[in-house]
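The numbering used here puts the first residue of the sequence shown at 1077, with every later residue one more than the last. Heads up: the structure comes next, in C-alpha coordinates.
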Amino acid sequence: MRQDKLKVMLVDDEENTRNLLRLVLDWEAMGFEIAGEASSGQEGLNLVDELLPDLIVTDIKMPFMDGLEFARLVAENYPTIKVIVLTAYEEFEYAKQGIKMGISDFLLKPIKRSEIKESIENIRKKILNERIDREEYNKVREKLKESLPILIEKLLNDLVMSNNLPQDINEKLEYYNLSILKKYFQIAVVSVGEVPSIKDQENTIVHQILYIDIIKQYFKADKNIIVFDNNRGNTVIINSDKQVNLPECCEQIKTMIINKLKCDISIGLSNIYTQLDKLHQGYKEALEALNYKAIYGSNIVIQYRDICIDRQKPSSINIVDIGMEEVTFYIRAGIADKAKELLRERFFRIRDISLSSSNELRVMGISMITAVLDSISEMDLNLNEIFGSVSSLYSDVLEFNNVSEIEAYIIDVTEKLTKAINLLREKKKKSIMDNIISYLKDNISNSELTLTALASHFFINPSYLSRTFKQHTGYTFVEYLTRLRIQKAIELFNSCDAMAYEVAEKVGIPDPNYFGKCFKKYTGFSINDYKKQR
(Lines of atoms letter the chains of each structure in order from A and count residues from 1; the text may use other names and numbers.)
(Lines give C-alpha, C1' and ligand atoms only; values in the text may rest on other atoms or scores of the structure.)
Protein backbone atom coordinates (compact mmCIF):
# COMPACT_ATOMS: atom_id res chain seq x y z
CA MET A 1 0.00 0.00 0.00
CA ARG A 2 1.29 3.48 -0.86
CA GLN A 3 2.45 5.55 2.19
CA ASP A 4 2.48 9.02 0.57
CA LYS A 5 -0.12 11.57 1.62
CA LEU A 6 -3.52 11.76 -0.03
CA LYS A 7 -4.21 14.84 -2.13
CA VAL A 8 -7.20 17.05 -1.41
CA MET A 9 -8.56 19.86 -3.57
CA LEU A 10 -10.81 22.67 -2.32
CA VAL A 11 -13.45 24.17 -4.66
CA ASP A 12 -15.53 27.15 -3.50
CA ASP A 13 -16.25 30.56 -4.99
CA GLU A 14 -15.75 32.17 -1.57
CA GLU A 15 -12.12 32.59 -0.55
CA ASN A 16 -13.07 32.83 3.14
CA THR A 17 -14.66 29.36 3.02
CA ARG A 18 -11.54 27.92 1.38
CA ASN A 19 -9.36 29.52 4.05
CA LEU A 20 -11.62 28.14 6.78
CA LEU A 21 -11.33 24.65 5.29
CA ARG A 22 -7.55 24.98 5.34
CA LEU A 23 -7.52 25.97 9.01
CA VAL A 24 -10.31 23.88 10.49
CA LEU A 25 -8.23 20.67 10.33
CA ASP A 26 -4.62 19.62 10.66
CA TRP A 27 -4.67 18.06 7.19
CA GLU A 28 -1.09 16.84 7.36
CA ALA A 29 -1.67 15.02 10.64
CA MET A 30 -4.66 13.29 9.08
CA GLY A 31 -2.56 12.08 6.15
CA PHE A 32 -3.59 14.69 3.58
CA GLU A 33 -1.98 17.54 1.73
CA ILE A 34 -3.93 20.39 0.13
CA ALA A 35 -2.78 20.11 -3.47
CA GLY A 36 -4.79 22.99 -4.93
CA GLU A 37 -7.78 25.31 -4.85
CA ALA A 38 -10.36 26.48 -7.38
CA SER A 39 -12.92 29.28 -7.23
CA SER A 40 -15.41 27.76 -9.70
CA GLY A 41 -16.58 24.44 -11.04
CA GLN A 42 -14.97 25.00 -14.45
CA GLU A 43 -11.65 25.98 -12.90
CA GLY A 44 -11.96 22.95 -10.67
CA LEU A 45 -12.42 20.60 -13.66
CA ASN A 46 -9.28 21.97 -15.29
CA LEU A 47 -7.35 21.54 -12.05
CA VAL A 48 -8.58 17.97 -11.57
CA ASP A 49 -6.94 17.01 -14.87
CA GLU A 50 -3.66 18.41 -13.61
CA LEU A 51 -3.64 17.36 -9.94
CA LEU A 52 -5.64 14.10 -9.94
CA PRO A 53 -6.63 14.53 -6.26
CA ASP A 54 -7.92 11.73 -4.05
CA LEU A 55 -10.57 13.95 -2.43
CA ILE A 56 -12.46 17.09 -3.44
CA VAL A 57 -14.35 19.31 -0.99
CA THR A 58 -16.74 21.59 -2.89
CA ASP A 59 -19.56 24.01 -2.17
CA ILE A 60 -22.93 23.18 -3.73
CA LYS A 61 -23.72 26.79 -4.63
CA MET A 62 -21.34 28.35 -7.16
CA PRO A 63 -21.89 30.58 -10.22
CA PHE A 64 -22.00 29.12 -13.77
CA MET A 65 -21.60 25.50 -12.62
CA ASP A 66 -22.99 24.36 -9.27
CA GLY A 67 -21.35 21.80 -7.04
CA LEU A 68 -23.64 18.93 -8.09
CA GLU A 69 -22.91 19.38 -11.79
CA PHE A 70 -19.22 19.66 -11.00
CA ALA A 71 -19.40 16.47 -8.87
CA ARG A 72 -21.29 14.66 -11.64
CA LEU A 73 -18.62 15.47 -14.23
CA VAL A 74 -15.85 14.41 -11.84
CA ALA A 75 -17.62 11.10 -11.14
CA GLU A 76 -18.04 10.40 -14.86
CA ASN A 77 -14.40 11.01 -15.71
CA TYR A 78 -12.64 10.07 -12.45
CA PRO A 79 -14.79 7.49 -10.62
CA THR A 80 -12.16 6.84 -7.91
CA ILE A 81 -12.05 10.48 -6.71
CA LYS A 82 -14.16 11.06 -3.58
CA VAL A 83 -16.29 14.21 -3.28
CA ILE A 84 -17.66 15.96 -0.18
CA VAL A 85 -20.35 18.58 -0.86
CA LEU A 86 -20.92 21.52 1.52
CA THR A 87 -24.53 22.70 1.57
CA ALA A 88 -26.79 25.06 3.49
CA TYR A 89 -29.77 23.61 5.37
CA GLU A 90 -32.32 24.90 2.84
CA GLU A 91 -30.37 23.24 0.00
CA PHE A 92 -30.10 19.86 1.71
CA GLU A 93 -33.07 18.17 0.02
CA TYR A 94 -31.74 19.26 -3.38
CA ALA A 95 -28.24 18.10 -2.45
CA LYS A 96 -29.47 14.57 -1.68
CA GLN A 97 -29.88 14.05 -5.44
CA GLY A 98 -26.11 13.82 -5.50
CA ILE A 99 -26.21 10.46 -3.73
CA LYS A 100 -27.08 8.89 -7.07
CA MET A 101 -23.98 10.52 -8.55
CA GLY A 102 -21.71 8.76 -6.11
CA ILE A 103 -20.97 11.74 -3.85
CA SER A 104 -19.25 10.45 -0.71
CA ASP A 105 -20.74 12.81 1.90
CA PHE A 106 -22.75 16.00 2.49
CA LEU A 107 -21.89 18.46 5.26
CA LEU A 108 -24.17 21.26 6.45
CA LYS A 109 -22.94 24.78 6.81
CA PRO A 110 -21.78 26.28 9.03
CA ILE A 111 -18.86 23.85 9.04
CA LYS A 112 -18.30 22.03 12.34
CA ARG A 113 -14.79 20.78 12.98
CA SER A 114 -15.92 17.48 14.54
CA GLU A 115 -18.24 16.62 11.63
CA ILE A 116 -15.76 17.34 8.86
CA LYS A 117 -12.98 15.52 10.75
CA GLU A 118 -15.13 12.39 11.12
CA SER A 119 -16.15 12.52 7.47
CA ILE A 120 -12.55 12.99 6.27
CA GLU A 121 -11.30 10.10 8.46
CA ASN A 122 -13.99 7.74 7.10
CA ILE A 123 -13.26 8.73 3.52
CA ARG A 124 -9.51 8.28 4.06
CA LYS A 125 -10.08 4.71 5.28
CA LYS A 126 -12.29 4.04 2.27
CA ILE A 127 -9.71 5.44 -0.17
CA LEU A 128 -6.91 3.35 1.35
CA ASN A 129 -9.03 0.18 1.35
CA GLU A 130 -9.97 0.75 -2.28
CA ARG A 131 -6.31 1.24 -3.13
CA ILE A 132 -5.49 -2.08 -1.52
CA ASP A 133 -8.30 -3.73 -3.48
CA ARG A 134 -7.12 -2.16 -6.75
CA GLU A 135 -3.54 -3.18 -6.12
CA GLU A 136 -4.62 -6.75 -5.37
CA TYR A 137 -6.83 -6.73 -8.45
CA ASN A 138 -3.98 -5.41 -10.59
CA LYS A 139 -1.66 -8.09 -9.21
CA VAL A 140 -4.17 -10.76 -10.16
CA ARG A 141 -4.60 -9.19 -13.60
CA GLU A 142 -0.83 -9.12 -14.05
CA LYS A 143 -0.58 -12.77 -13.05
CA LEU A 144 -3.41 -13.56 -15.45
CA LYS A 145 -1.59 -11.68 -18.20
CA GLU A 146 1.58 -13.66 -17.47
CA SER A 147 -0.42 -16.89 -17.47
CA LEU A 148 -2.35 -16.05 -20.64
CA PRO A 149 -0.14 -18.12 -22.99
CA ILE A 150 -0.55 -21.13 -20.67
CA LEU A 151 -4.33 -20.64 -20.47
CA ILE A 152 -4.59 -20.29 -24.25
CA GLU A 153 -2.48 -23.42 -24.72
CA LYS A 154 -4.72 -25.34 -22.30
CA LEU A 155 -7.87 -24.17 -24.08
CA LEU A 156 -6.49 -25.13 -27.49
CA ASN A 157 -5.40 -28.54 -26.23
CA ASP A 158 -8.87 -29.08 -24.75
CA LEU A 159 -10.47 -28.10 -28.06
CA VAL A 160 -8.33 -30.32 -30.30
CA MET A 161 -8.50 -33.29 -27.92
CA SER A 162 -12.27 -33.25 -27.43
CA ASN A 163 -15.07 -33.83 -29.89
CA ASN A 164 -17.41 -31.62 -27.85
CA LEU A 165 -17.14 -27.85 -27.61
CA PRO A 166 -17.82 -26.18 -24.21
CA GLN A 167 -21.03 -24.17 -23.97
CA ASP A 168 -19.15 -20.92 -23.35
CA ILE A 169 -16.74 -21.44 -26.25
CA ASN A 170 -17.69 -18.19 -28.01
CA GLU A 171 -17.00 -16.13 -24.88
CA LYS A 172 -13.66 -17.90 -24.35
CA LEU A 173 -12.56 -17.37 -27.94
CA GLU A 174 -13.53 -13.71 -27.70
CA TYR A 175 -11.62 -13.27 -24.42
CA TYR A 176 -8.47 -14.96 -25.76
CA ASN A 177 -8.75 -13.17 -29.12
CA LEU A 178 -9.20 -16.46 -31.00
CA SER A 179 -12.55 -15.80 -32.68
CA ILE A 180 -11.00 -16.13 -36.14
CA LEU A 181 -10.84 -19.92 -35.57
CA LYS A 182 -14.59 -20.00 -36.18
CA LYS A 183 -14.13 -18.94 -39.81
CA TYR A 184 -11.12 -20.85 -41.21
CA PHE A 185 -8.31 -23.11 -40.05
CA GLN A 186 -5.82 -25.79 -41.02
CA ILE A 187 -3.80 -27.77 -38.49
CA ALA A 188 -0.22 -29.05 -38.63
CA VAL A 189 1.39 -31.36 -36.07
CA VAL A 190 5.20 -31.24 -35.92
CA SER A 191 7.37 -34.08 -34.61
CA VAL A 192 11.10 -33.49 -34.17
CA GLY A 193 13.41 -36.45 -33.64
CA GLU A 194 16.09 -36.79 -31.01
CA VAL A 195 19.63 -35.59 -31.65
CA PRO A 196 22.03 -38.54 -31.16
CA SER A 197 24.66 -36.32 -29.54
CA ILE A 198 22.23 -35.11 -26.85
CA LYS A 199 21.99 -37.58 -23.99
CA ASP A 200 20.91 -35.75 -20.82
CA GLN A 201 17.40 -34.55 -20.03
CA GLU A 202 18.34 -30.88 -19.63
CA ASN A 203 19.79 -30.61 -23.13
CA THR A 204 16.80 -32.50 -24.53
CA ILE A 205 14.47 -29.88 -23.05
CA VAL A 206 16.68 -27.08 -24.41
CA HIS A 207 16.52 -28.73 -27.84
CA GLN A 208 12.71 -28.82 -27.66
CA ILE A 209 12.57 -25.16 -26.66
CA LEU A 210 14.86 -24.23 -29.55
CA TYR A 211 12.81 -25.92 -32.25
CA ILE A 212 9.51 -24.56 -30.89
CA ASP A 213 11.09 -21.10 -30.82
CA ILE A 214 12.12 -21.45 -34.48
CA ILE A 215 8.51 -22.18 -35.40
CA LYS A 216 7.14 -19.33 -33.27
CA GLN A 217 9.64 -16.86 -34.68
CA TYR A 218 8.75 -17.94 -38.22
CA PHE A 219 5.08 -17.05 -37.64
CA LYS A 220 5.76 -14.10 -35.30
CA ALA A 221 4.41 -11.46 -37.69
CA ASP A 222 1.09 -13.23 -38.28
CA LYS A 223 -1.33 -12.98 -35.34
CA ASN A 224 -3.71 -15.45 -37.00
CA ILE A 225 -1.32 -18.38 -36.65
CA ILE A 226 -1.07 -20.12 -33.27
CA VAL A 227 1.80 -22.37 -32.17
CA PHE A 228 1.55 -24.48 -29.02
CA ASP A 229 2.75 -27.70 -27.41
CA ASN A 230 0.28 -30.58 -27.27
CA ASN A 231 1.82 -32.02 -24.06
CA ARG A 232 2.59 -35.22 -25.95
CA GLY A 233 5.96 -34.30 -27.40
CA ASN A 234 4.61 -32.63 -30.55
CA THR A 235 4.05 -29.03 -31.58
CA VAL A 236 0.71 -27.95 -33.05
CA ILE A 237 0.28 -25.14 -35.58
CA ILE A 238 -3.20 -23.74 -36.27
CA ASN A 239 -3.35 -21.44 -39.28
CA SER A 240 -6.39 -19.14 -39.51
CA ASP A 241 -4.96 -16.86 -42.20
CA LYS A 242 -6.44 -17.62 -45.63
CA GLN A 243 -3.54 -15.81 -47.29
CA VAL A 244 -0.97 -18.19 -45.79
CA ASN A 245 -0.08 -21.42 -47.60
CA LEU A 246 0.58 -23.64 -44.58
CA PRO A 247 2.08 -26.59 -46.54
CA GLU A 248 4.68 -24.26 -48.09
CA CYS A 249 5.43 -22.73 -44.68
CA CYS A 250 5.91 -26.20 -43.21
CA GLU A 251 8.38 -27.07 -45.97
CA GLN A 252 10.40 -23.98 -45.08
CA ILE A 253 10.22 -24.71 -41.35
CA LYS A 254 11.37 -28.27 -42.01
CA THR A 255 14.44 -27.00 -43.88
CA MET A 256 15.25 -24.43 -41.17
CA ILE A 257 15.09 -26.97 -38.34
CA ILE A 258 17.14 -29.56 -40.23
CA ASN A 259 19.82 -26.95 -41.02
CA LYS A 260 19.92 -25.32 -37.57
CA LEU A 261 19.38 -28.25 -35.21
CA LYS A 262 20.68 -31.14 -37.35
CA CYS A 263 17.76 -33.39 -36.45
CA ASP A 264 14.93 -35.23 -38.19
CA ILE A 265 11.53 -33.59 -38.50
CA SER A 266 8.15 -34.73 -39.82
CA ILE A 267 4.98 -32.66 -40.19
CA GLY A 268 1.40 -33.87 -40.69
CA LEU A 269 -1.24 -31.54 -42.15
CA SER A 270 -5.03 -31.67 -41.91
CA ASN A 271 -7.60 -30.62 -44.47
CA ILE A 272 -8.88 -27.03 -44.40
CA TYR A 273 -12.06 -26.39 -42.38
CA THR A 274 -14.40 -23.46 -41.82
CA GLN A 275 -16.33 -24.80 -38.81
CA LEU A 276 -15.04 -24.65 -35.26
CA ASP A 277 -16.52 -28.05 -34.36
CA LYS A 278 -14.08 -29.61 -36.86
CA LEU A 279 -11.03 -28.71 -34.74
CA HIS A 280 -10.86 -32.18 -33.21
CA GLN A 281 -11.24 -33.83 -36.61
CA GLY A 282 -8.56 -31.61 -38.12
CA TYR A 283 -6.18 -32.47 -35.28
CA LYS A 284 -6.81 -36.21 -35.75
CA GLU A 285 -6.17 -35.85 -39.48
CA ALA A 286 -2.86 -34.08 -38.88
CA LEU A 287 -1.81 -36.79 -36.41
CA GLU A 288 -2.76 -39.57 -38.81
CA ALA A 289 -0.83 -37.89 -41.61
CA LEU A 290 2.14 -37.59 -39.25
CA ASN A 291 1.99 -41.33 -38.53
CA TYR A 292 2.83 -41.97 -42.18
CA LYS A 293 6.42 -41.01 -41.43
CA ALA A 294 6.75 -44.70 -40.53
CA ILE A 295 6.16 -45.40 -44.22
CA TYR A 296 7.70 -42.44 -46.03
CA GLY A 297 10.51 -41.78 -43.57
CA SER A 298 11.47 -38.62 -41.70
CA ASN A 299 12.12 -35.11 -42.99
CA ILE A 300 8.85 -34.91 -44.86
CA VAL A 301 5.66 -32.85 -44.85
CA ILE A 302 2.64 -35.13 -45.25
CA GLN A 303 -0.85 -33.85 -46.05
CA TYR A 304 -3.87 -35.85 -44.97
CA ARG A 305 -5.43 -35.47 -48.42
CA ASP A 306 -2.34 -37.05 -49.99
CA ILE A 307 -2.64 -40.28 -47.99
CA CYS A 308 -6.38 -40.75 -48.47
CA ILE A 309 -8.45 -41.93 -51.37
CA ASP A 310 -11.63 -40.17 -50.37
CA ARG A 311 -12.29 -39.22 -46.75
CA GLN A 312 -15.53 -37.39 -46.23
CA LYS A 313 -15.86 -38.03 -42.48
CA PRO A 314 -13.67 -38.65 -39.45
CA SER A 315 -11.81 -41.91 -39.16
CA SER A 316 -13.54 -44.45 -36.89
CA ILE A 317 -11.21 -47.36 -36.25
CA ASN A 318 -12.42 -49.90 -33.68
CA ILE A 319 -9.45 -51.25 -31.77
CA VAL A 320 -10.01 -54.78 -30.47
CA ASP A 321 -8.22 -56.12 -27.43
CA ILE A 322 -5.58 -57.94 -29.47
CA GLY A 323 -4.38 -54.64 -30.95
CA MET A 324 -5.57 -54.15 -34.52
CA GLU A 325 -4.77 -50.45 -34.77
CA GLU A 326 -1.29 -50.94 -36.21
CA VAL A 327 -2.55 -53.63 -38.60
CA THR A 328 -5.33 -51.43 -39.96
CA PHE A 329 -2.88 -48.55 -40.36
CA TYR A 330 -0.82 -50.59 -42.83
CA ILE A 331 -3.94 -51.88 -44.56
CA ARG A 332 -5.09 -48.31 -45.21
CA ALA A 333 -1.59 -47.51 -46.43
CA GLY A 334 -1.80 -50.42 -48.88
CA ILE A 335 1.28 -52.18 -47.46
CA ALA A 336 0.19 -55.81 -47.53
CA ASP A 337 3.45 -57.45 -46.41
CA LYS A 338 3.71 -55.39 -43.22
CA ALA A 339 0.01 -55.84 -42.42
CA LYS A 340 0.27 -59.63 -42.86
CA GLU A 341 3.44 -59.76 -40.76
CA LEU A 342 1.66 -57.98 -37.90
CA LEU A 343 -1.38 -60.24 -38.26
CA ARG A 344 0.79 -63.34 -37.98
CA GLU A 345 2.38 -61.91 -34.82
CA ARG A 346 -1.05 -61.37 -33.31
CA PHE A 347 -2.28 -64.83 -34.22
CA PHE A 348 0.91 -66.25 -32.69
CA ARG A 349 -0.11 -64.56 -29.43
CA ILE A 350 -3.73 -65.62 -29.84
CA ARG A 351 -2.67 -69.27 -29.91
CA ASP A 352 -1.36 -68.79 -26.37
CA ILE A 353 -4.77 -67.54 -25.22
CA SER A 354 -7.11 -70.16 -23.85
CA LEU A 355 -10.40 -69.65 -25.70
CA SER A 356 -13.27 -71.28 -23.88
CA SER A 357 -15.26 -72.24 -26.98
CA SER A 358 -15.50 -72.12 -30.77
CA ASN A 359 -18.02 -69.30 -30.36
CA GLU A 360 -15.45 -67.21 -28.51
CA LEU A 361 -13.00 -67.86 -31.34
CA ARG A 362 -15.57 -66.72 -33.92
CA VAL A 363 -16.42 -63.59 -31.96
CA MET A 364 -12.72 -62.72 -32.00
CA GLY A 365 -12.62 -63.30 -35.77
CA ILE A 366 -15.68 -61.11 -36.35
CA SER A 367 -14.12 -58.38 -34.18
CA MET A 368 -11.00 -58.46 -36.33
CA ILE A 369 -13.01 -58.32 -39.57
CA THR A 370 -15.03 -55.42 -38.15
CA ALA A 371 -11.85 -53.54 -37.20
CA VAL A 372 -10.45 -54.02 -40.70
CA LEU A 373 -13.66 -52.93 -42.45
CA ASP A 374 -14.17 -49.96 -40.12
CA SER A 375 -10.67 -48.75 -40.87
CA ILE A 376 -11.41 -48.46 -44.60
CA SER A 377 -15.07 -47.41 -44.34
CA GLU A 378 -14.35 -43.86 -45.57
CA MET A 379 -12.59 -45.07 -48.70
CA ASP A 380 -14.45 -45.27 -51.97
CA LEU A 381 -14.12 -49.05 -52.19
CA ASN A 382 -16.81 -51.34 -53.58
CA LEU A 383 -16.60 -54.14 -51.00
CA ASN A 384 -19.30 -56.19 -52.71
CA GLU A 385 -17.21 -56.16 -55.87
CA ILE A 386 -14.12 -57.26 -53.95
CA PHE A 387 -15.70 -59.95 -51.75
CA GLY A 388 -18.97 -60.83 -53.47
CA SER A 389 -20.88 -59.46 -50.49
CA VAL A 390 -19.88 -57.92 -47.18
CA SER A 391 -22.20 -60.22 -45.28
CA SER A 392 -20.30 -63.23 -46.61
CA LEU A 393 -17.21 -62.06 -44.70
CA TYR A 394 -19.05 -62.57 -41.43
CA SER A 395 -20.88 -65.72 -42.43
CA ASP A 396 -17.60 -67.30 -43.57
CA VAL A 397 -15.99 -66.61 -40.18
CA LEU A 398 -18.88 -68.35 -38.43
CA GLU A 399 -17.96 -71.57 -40.27
CA PHE A 400 -14.40 -71.73 -38.95
CA ASN A 401 -13.46 -73.95 -36.03
CA ASN A 402 -9.82 -73.12 -35.32
CA VAL A 403 -7.36 -70.24 -35.19
CA SER A 404 -5.44 -71.32 -38.30
CA GLU A 405 -8.54 -71.13 -40.49
CA ILE A 406 -9.41 -67.63 -39.25
CA GLU A 407 -5.79 -66.51 -39.63
CA ALA A 408 -5.63 -67.65 -43.26
CA TYR A 409 -8.99 -66.05 -44.02
CA ILE A 410 -8.18 -62.63 -42.52
CA ILE A 411 -4.78 -62.58 -44.23
CA ASP A 412 -6.57 -63.30 -47.52
CA VAL A 413 -9.02 -60.44 -46.81
CA THR A 414 -6.05 -58.19 -46.08
CA GLU A 415 -4.36 -59.09 -49.38
CA LYS A 416 -7.52 -58.37 -51.37
CA LEU A 417 -8.14 -55.07 -49.58
CA THR A 418 -4.60 -53.74 -49.93
CA LYS A 419 -4.60 -54.68 -53.62
CA ALA A 420 -7.92 -52.85 -54.15
CA ILE A 421 -6.69 -49.83 -52.17
CA ASN A 422 -3.51 -49.59 -54.21
CA LEU A 423 -5.44 -49.91 -57.48
CA LEU A 424 -7.85 -47.19 -56.41
CA ARG A 425 -5.01 -44.98 -55.23
CA GLU A 426 -3.20 -45.41 -58.55
CA LYS A 427 -6.44 -44.64 -60.38
CA LYS A 428 -6.83 -41.45 -58.39
CA LYS A 429 -3.19 -40.52 -58.91
CA LYS A 430 -3.59 -41.12 -62.65
CA SER A 431 -6.66 -38.90 -62.75
CA ILE A 432 -4.83 -36.13 -60.88
CA MET A 433 -1.71 -36.53 -63.03
CA ASP A 434 -3.79 -36.44 -66.21
CA ASN A 435 -5.24 -33.12 -65.06
CA ILE A 436 -1.79 -31.80 -64.15
CA ILE A 437 -0.26 -32.79 -67.49
CA SER A 438 -3.22 -31.26 -69.33
CA TYR A 439 -2.67 -28.05 -67.34
CA LEU A 440 1.04 -28.04 -68.25
CA LYS A 441 0.23 -28.41 -71.94
CA ASP A 442 -2.35 -25.62 -71.80
CA ASN A 443 0.10 -23.29 -70.03
CA ILE A 444 3.30 -24.30 -71.81
CA SER A 445 4.06 -20.67 -72.72
CA ASN A 446 4.24 -19.69 -69.03
CA SER A 447 7.92 -19.39 -68.17
CA GLU A 448 7.03 -19.17 -64.45
CA LEU A 449 5.77 -22.77 -64.23
CA THR A 450 7.47 -24.45 -61.26
CA LEU A 451 6.79 -27.52 -59.16
CA THR A 452 5.84 -25.33 -56.20
CA ALA A 453 3.46 -23.19 -58.27
CA LEU A 454 1.87 -26.30 -59.77
CA ALA A 455 1.46 -27.92 -56.35
CA SER A 456 -0.14 -24.74 -55.02
CA HIS A 457 -2.54 -24.58 -57.98
CA PHE A 458 -3.72 -28.16 -57.39
CA PHE A 459 -3.52 -27.91 -53.55
CA ILE A 460 -0.97 -30.73 -53.37
CA ASN A 461 2.14 -30.97 -51.21
CA PRO A 462 5.23 -30.23 -53.40
CA SER A 463 7.23 -33.18 -52.05
CA TYR A 464 4.33 -35.56 -52.66
CA LEU A 465 3.81 -34.16 -56.18
CA SER A 466 7.50 -34.57 -56.97
CA ARG A 467 7.46 -38.25 -55.96
CA THR A 468 4.17 -38.95 -57.74
CA PHE A 469 5.34 -37.17 -60.90
CA LYS A 470 8.44 -39.34 -61.11
CA GLN A 471 6.42 -42.52 -60.48
CA HIS A 472 3.78 -41.63 -63.07
CA THR A 473 5.99 -40.32 -65.91
CA GLY A 474 9.42 -41.78 -65.24
CA TYR A 475 10.86 -38.25 -65.33
CA THR A 476 11.45 -35.52 -62.82
CA PHE A 477 9.15 -32.52 -63.10
CA VAL A 478 11.84 -30.36 -64.75
CA GLU A 479 12.76 -33.11 -67.23
CA TYR A 480 9.14 -33.72 -68.17
CA LEU A 481 8.29 -30.02 -68.53
CA THR A 482 11.36 -29.42 -70.70
CA ARG A 483 10.36 -32.36 -72.93
CA LEU A 484 6.86 -30.91 -73.29
CA ARG A 485 8.30 -27.52 -74.20
CA ILE A 486 10.62 -29.01 -76.86
CA GLN A 487 7.83 -31.20 -78.29
CA LYS A 488 5.68 -28.07 -78.61
CA ALA A 489 8.61 -26.24 -80.22
CA ILE A 490 8.97 -29.02 -82.83
CA GLU A 491 5.25 -28.74 -83.62
CA LEU A 492 5.63 -24.98 -84.13
CA PHE A 493 8.74 -25.34 -86.32
CA ASN A 494 6.92 -27.94 -88.43
CA SER A 495 3.76 -25.87 -88.84
CA CYS A 496 5.13 -22.36 -89.46
CA ASP A 497 8.27 -20.52 -90.48
CA ALA A 498 8.77 -18.81 -87.12
CA MET A 499 12.02 -17.41 -85.79
CA ALA A 500 13.73 -19.35 -82.99
CA TYR A 501 13.24 -16.57 -80.41
CA GLU A 502 9.51 -16.44 -81.25
CA VAL A 503 9.12 -20.17 -80.69
CA ALA A 504 11.19 -19.93 -77.50
CA GLU A 505 8.73 -17.36 -76.13
CA LYS A 506 5.73 -19.49 -77.08
CA VAL A 507 7.05 -22.59 -75.27
CA GLY A 508 8.04 -20.76 -72.07
CA ILE A 509 11.84 -20.62 -72.56
CA PRO A 510 12.41 -16.91 -73.22
CA ASP A 511 16.23 -17.18 -73.15
CA PRO A 512 17.21 -18.05 -76.81
CA ASN A 513 20.60 -19.49 -75.83
CA TYR A 514 19.12 -21.78 -73.17
CA PHE A 515 16.34 -22.75 -75.58
CA GLY A 516 18.95 -23.72 -78.18
CA LYS A 517 20.81 -25.91 -75.66
CA CYS A 518 17.61 -27.66 -74.56
CA PHE A 519 16.56 -28.25 -78.16
CA LYS A 520 19.94 -29.77 -79.04
CA LYS A 521 19.91 -31.97 -75.91
CA TYR A 522 16.46 -33.47 -76.56
CA THR A 523 16.53 -33.72 -80.41
CA GLY A 524 20.21 -34.15 -81.23
CA PHE A 525 19.97 -31.24 -83.70
CA SER A 526 20.70 -27.56 -83.46
CA ILE A 527 17.71 -25.40 -84.37
CA ASN A 528 19.24 -24.39 -87.73
CA ASP A 529 20.13 -28.01 -88.61
CA TYR A 530 16.62 -29.15 -87.70
CA LYS A 531 15.07 -26.47 -89.93
CA LYS A 532 17.33 -27.45 -92.84
CA GLN A 533 16.57 -31.18 -92.67
CA ARG A 534 12.85 -30.53 -92.22
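No residue lacks a Cβ here, since even glycine has one placed at the ideal position from N, Cα and C.
Asked	Found
Any idea what DSSP makes of Asn1315, helix, strand or coil?	strand
Work out the CA separation of Leu1227 and Leu1500 for me, nearest whole Å.	45 Å
Would you report the Cα separation of Ile1513 and Asp1289, rounded to the nearest angstrom?	40 Å
DSSP state of Asp1413, grouped into three classes?	helix
Measuring alpha carbon to alpha carbon, tell me which residue in Asn1246, Asp1340, Glu1212 is nearest Gly1269.	Asp1340
To test your reading of the DSSP string, which unbroken alpha helix (DSSP H) runs of 4 or more residues are found completely within the region 1177 to 1247?	1189 to 1237
Using DSSP with H/G/I as helix, E/B as strand and the rest coil, what is Gln1262?	strand
With contact counted as at least three CB pairs below 8 Å, one residue from each stretch, are the region 1579 to 1599 and the region 1522 to 1529 in contact?	yes
Give me, in chain order, the residues of the same chain whose beta-carbon lies closer than 8 Å to that of Lys1416; leave out the 5 immediate sequence neighbours on both sides.	Ile1487, Thr1490, Glu1491
Determine the direct distance from the alpha carbon of Gln1563 to that of Cys1572, and round the result to whole angstroms.	14 Å
Could you say if the region 1308 to 1322 and the region 1241 to 1250 meet the contact criterion of at least three C-beta pairs nearer than 8 Å?	no
Among Ile1376, Glu1324, Ser1602, Lys1414, which has the Cα closest to the Cα of Leu1527?	Glu1324
Can you find the residues in the same chain that come closer than 6 Å, C-beta to C-beta, to His1533, ignoring five residues on each side of it along the sequence?	none
Of the choices Ile1445, Val1150, Ile1482, whose alpha-carbon is the least far from that of Glu1466?	The sequence given here has Val at residue 1466, not Glu. The option with the nearest alpha carbon to Val1466 is Ile1445.
By the DSSP assignment, the alpha helix (DSSP H) with Asn1347 in it spans what residues?	It is not in any alpha helix (DSSP H) - Asn1347 instead sits in the beta strand (DSSP E) that spans 1341 to 1349.
Once you ignore the five residues that flank Tyr1294 on each side, which residues in its own chain have a CB closer than 8 Å to its CB?	Cys1325, Gln1328, Ile1329, Met1332
Put Lys1267 into one of helix, strand or coil per three-state DSSP.	According to the sequence as given, residue 1267 is Ser; it is not Lys. Three-state DSSP puts Ser1267 in a strand.
What is the C-beta distance between Leu1127 and Ala1111, in whole angstroms, given that I count them as a contact (C-beta under 8 Å)?	5 Å
Using only the alpha-carbon positions, how far apart do Leu1351 and Ile1245 sit?	Leu is not the amino acid found at residue 1351; the sequence shown has Gln there. Using only the alpha carbons, I get a separation of about 13 Å.
With burial defined as no fewer than 16 other Cβ atoms inside 10 Å of the residue's Cβ, what is the status of Met1575: buried or exposed?	exposed
Should Lys1158 be labelled buried (16 or more other beta-carbon atoms within 10 Å of its own) or exposed?	buried
Across the region 1107 to 1126 and the region 1083 to 1090, are there enough close Cβ pairs to call them in contact, namely three or more that are closer than 8 Å?	yes
Pair every Cβ in the region 1193 to 1213 with every Cβ in the region 1231 to 1246, then say whether three or more of these pairs are closer than 8 Å.	no
If you draw a straight line from the C-alpha of Lys1201 to the C-alpha of Ile1263, how long is it?	55 Å
Can you tell me where the alpha helix (DSSP H) with Asp1510 in it begins and where it stops?	1479 to 1518
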